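Trainee: Numbering (my numbering), first residue to last: 2 to 256. Built from N, CA and C at the ideal position, the CB exists for glycine as well. No experiment lies behind these values; they were computed from the predicted model shown. Just dropping this structure here.
Structure representation (structure tokens):
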């Protein structure tokens, strides 16, 4: 059962989300909070699998609550999905930098929200290349480059390559197909890269990739396109062709 904590200052929104999620056989809403302070306390008490966090609330906002939750080592496995009205929101970008696993715009279709909760809970890759990169490119470009070069120096050439493919929005299976390695090996490379950089999840890897200059605006689109058309070593079954990132409709992004 996926245990979810709802955080939104509007009771009507929380009620709608609860009704939708509790109707699913594998999802249970275990708590609600109307502000960031209550959210942080409830997260520590309940240790949910997923927190749906409104980013802009009176008093303690969702960004502050996200930073509090992700800084607590006891909550390392809690996944935070930001709820926002706008897909280009500096608060959302800062939340991704702080360890949020992704974001959803509030007009997301119910089926996509349910799918997103399930995917985040199981650790699947949910980086929607178009919207996540638009957000990261918009705000990472304004900031001074992060001084992460010592950590980057710890990465092997393969890990750097994997990191750029993560920034392009490729899943572990897609990375494996692109690099002629097994999905398990691809997952291992991603995990080791996150450990070396101190990244909480794939969303932070994307932010780091841009902030350190490892990838640049527009570059990942070309990279992903090449990955999509790269010859596959096993067969030519069209059903297994690598999808181009632009084909994804989701506005949800993250680990």
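Going by C-alpha to C-alpha distance, which of 206, 181, 180 and 179 sits closest to residue 192?
Mentor: With distances taken between Cα atoms, residue 192 lies closest to 206.
Trainee: Do residue 165 and residue 82 have their C-beta atoms closer together than 9 angstroms?
Mentor: Not in contact: residue 165 and residue 82 (Cβ atoms no closer than 9 angstroms).
Trainee: For residue 8, does the count of other Cβ atoms within 10 angstroms reach 16, so buried, or fall short, so exposed?
Mentor: With 16 or more other Cβ atoms within 10 Å, it is buried.
Trainee: Less than 7 angstroms between C-beta atoms, sequence neighbours within five positions excluded: which residues of the same chain meet that for residue 268?
Mentor: Residue numbering for the chain in the displayed model covers 2 to 256; residue 268 lies beyond these limits and cannot be assessed.
Trainee: Pull up the distance between the alpha-carbon of residue 32 and that of residue 43, whole angstroms please.
Mentor: Whole-angstrom Cα-Cα distance: 7 angstroms.
Trainee: Nearest by alpha-carbon distance to residue 34: which of 17, 11, 27 and 22 is it?
Mentor: Ranking 17, 11, 27 and 22 by Cα distance to residue 34 puts 11 first.
Trainee: Following the continuous alpha helix (DSSP H) through residue 213, name the residue where it begins and the one where it ends.
Mentor: From DSSP, residue 213 is part of no alpha helix (DSSP H); its letter is neither H nor E.
Trainee: So, helix, strand or coil for residue 55, using DSSP?
Mentor: Three-state result, residue 55: strand.
Trainee: Just the C-alpha distance for residue 229 and residue 159, rounded to the nearest angstrom, thanks.
Mentor: Note on residue 229: pLDDT 43, under 50, position unreliable in the model; the coordinate value appears next. Approximately 19 angstroms between the Cα atoms of the pair.
Trainee: Identify, in the order they occur along the chain, each residue of the same chain with its Cβ nearer than 8 angstroms to the Cβ of residue 19, setting aside the five sequence neighbours on each side.
Mentor: Same-chain partners within the cutoff: 7, 30 and 33.
Trainee: Tell me which residue opens and which closes the beta strand (DSSP E) that residue 110 is part of.
Mentor: Taken as a continuous stretch (DSSP letters only), residue 110 belongs to no beta strand (DSSP E), as it is neither H nor E.
Trainee: Candidates 17, 40 and 27: which alpha carbon is nearest residue 4's?
Mentor: Cα-wise, what sits closest to residue 4 is 27.
Trainee: Would residue 155 be called buried (16 or more neighbouring beta carbons within 10 Å of its own) or exposed?
Mentor: Exposed: under 16 other Cβ atoms inside 10 Å.
Trainee: Using only alpha-carbon positions, find the residue among 124, 152 and 66 that is nearest to residue 41.
Mentor: Looking at the Cα atoms, 66 is the closest of the given residues.
Trainee: Ordered along the chain, which non-local residues of its own chain (more than five positions away) have a Cβ less than 8 angstroms from that of residue 23?
Mentor: Closer than 8 angstroms at the Cβ level, and outside the excluded window around residue 23, lie 29 and 30.
Trainee: Leaving out the 5 sequence neighbours to the left and right, which residues in its chain are closer than 8 angstroms to residue 163 when beta-carbon positions are compared?
Mentor: 176, 180, 187, 190, 191 and 194, listed in sequence order.
Trainee: Please identify the residue among 153, 151, 202 and 118 whose C-alpha is closest to the C-alpha of residue 2.
Mentor: Selected option, being the one with the closest Cα: 118.
Trainee: In whole angstroms, what separates the C-alpha of residue 21 from that of residue 72?
Mentor: In a straight line, the C-alpha of residue 21 is about 30 angstroms away from that of residue 72.
Trainee: Hey, could you find the ends of the beta strand (DSSP E) residue 86 is sitting in?
Mentor: Counting along the chain, residue 86 falls outside any beta strand (DSSP E), and DSSP gives it neither H nor E.
Trainee: Name the DSSP beta bridge partners of residue 7, please?
Mentor: DSSP output for residue 7 lists 33 and 53 as bridge partner(s).
Trainee: Measuring only the C-alpha atoms, how far is residue 153 from residue 185?
Mentor: C-alpha separation (whole angstroms): 23 angstroms.
Trainee: For residue 1, which of 98, 110, 171 and 116 has the nearest alpha-carbon?
Mentor: The displayed coordinates of the chain run from 2 to 256. Any statement about residue 1 would go beyond what the structure contains.
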